[in-house]
Amino acid sequence: MNENQILENLTAAPAVKKLVIHAPLIARKRKAGQFVIVRPNERGERIPLTIADSDVERGSITLFVQEVGKTTRVLGSLPMGYSLPDVVGPLGEPTHIKNYGRVVCLAGGVGVAEIYPVAAALKAAGNRMTTIIGARSQNYIILKDELKAISDRLMITTDDGSFGVPGFVTDGLKQFFTAGETFDQAFCIGPVPMMRAVCALTKTRNLPTTVSLNPIMIDGTGMCGGCRVTVGGEVKFACVDGPDFDGHLVDFDELVRRQQMYREEETVAQNLRQD
Ligand code: FAD
Ligand code: FES
Ligand code: MG
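Everything in the sequence shown is counted per the numbering used here, starting at 3 for the first residue and increasing by one.
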């Protein structure tokens, strides 16, 4: 079997693909919170994707890809058997896993795939796990059974109320707070507005909150500066210093501005031919 060969390409939710890739060395080495940088073809750009799972026996890693633009769409359309020219990793600092006590994990959209390995590792470390995942609607929910298996409690929120608690993950967390629950540590992964809202809420309770930041990355090794973020007034490179940071110290305004830097070029790229 060829290195980086696509073993499975399944639809996990609308516009979300689950890719299983032959990458035995990465499968063996990866830890929760780490990612790979993938190039779909020789002419393509590099994009970071979190290692959602791995199977050491099979020599494979699992990625969930939300099709938001040119490269993620190309990746999502690749057939089984195709070998990716580059899968580099595992990259990034692993998530700090220990027994915190009572942990709440919050995730939305494809962030659910990114929090899954973190939640699994936290459970294995002996934490009492509350997991709150959010989706736009019922058919967008991913990894429900997998997260249920490793959570002491799983709450699902949907924006349109078609499943679980109506509203956002912050509404779910507020329900726990209102019921008098307390937590020792929170982890949150999702779109920036969600991470920002969760951090604003947890700050009111002095609940330490780790977020996984998703700035634009190119090399993933601290060389290009593309992933520069500001945390507690200090410049950090998310690919090597993170992607995990203290959410109460992150400059989210800057993150949003830098994420949008190449919107024009990204739109042009989407209209170019499919390679
Ligand atoms: P484009 O149209 O080019 O871009 C759409 C938006 O995506 C941009 O406006 C920008 O905000 C962001 N983006 C564009 N290029 C990059 C880049 N090179 N690096 C980071 N963000 C970019 N997405 C998933 O679906 N699943 C994951 O598991 C996942 N894990 C990630 C882990 C990390 C550490 C980071 C930093 C990002 C992760 N992402 C993940 C986001 C994913 O990398 C972007 O959605 C993807 O690069 C968009 O590429 P595109 O060409 O399809 O879209
Ligand atoms: Fe280049 Fe982080 S991606 S420095
Ligand atoms: Mg792109």
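We treat Cβ as the ideally placed atom computed from N, Cα and C, and that holds for glycine.
Please read all numbers here as calculations on a predicted model, not as lab measurements.
How about residue i and residue j: are their beta carbons less than 8 Å apart?
i    : j    : result
L77  : V90  : no
I28  : I8   : no
A14  : I117 : no
R104 : F185 : yes
M131 : I152 : yes
A240 : C229 : yes
E44  : T73  : no
V112 : V18  : yes
A188 : L209 : yes
L203 : T172 : yes
L251 : V231 : no
P119 : K31  : no
A25  : E5   : yes
According to DSSP, residue i sits in a beta bridge with which residue or residues?
i    : result
Q7   : S85
C201 : C201 pairs with nothing; no bridge assigned.
C107 : T133 and F189
S62  : H24 and D57
F247 : V213
A15  : V18
P168 : T160
I49  : V40
Given the structure, does residue i come close to the ligand FES, in the sense that its CB is under 7 Å from one of the ligand's heavy atoms?
i    : result
D88  : no
M225 : yes
D221 : yes
F280 : Shown here, the chain extends from 3 to 277; a query on residue 280 therefore has no answer.
G94  : no
G228 : yes
Relative to the ligand MG, is the shortest distance from any of its heavy atoms to the C-beta of residue i smaller than 7 Å?
i    : result
T282 : Outside the modelled stretch of the chain, which goes from 3 to 277, sits residue 282, for which no answer is possible.
E1   : The displayed coordinates of the chain run from 3 to 277. Any statement about residue 1 would go beyond what the structure contains.
K19  : no
G71  : yes
Pick helix, strand or coil for residue i, following the three-state DSSP scheme.
i    : result
P217 : coil
F254 : helix
R230 : strand
P42  : coil
N68  : With the sequence shown as reference, residue 68 is identified as Gln, and Asn is not the correct amino acid for it. If DSSP states are grouped into helix, strand and coil, Q68 belongs with the strands.
L274 : coil
V112 : coil
Check whether the Cβ of residue i sits closer than 7 Å to any heavy atom of the ligand FAD, and report yes or no.
i    : result
N216 : yes
T74  : yes
E266 : no
V67  : yes
For residue i, count the other beta carbons within 10 Å of its own beta carbon; 16 or more makes it buried, fewer makes it exposed. Which is it?
i    : result
G163 : exposed
Q262 : exposed
P81  : exposed
A121 : buried
K2   : With the chain running from 3 to 277 in the structure shown, residue 2 is simply not present.
N216 : buried
V106 : buried
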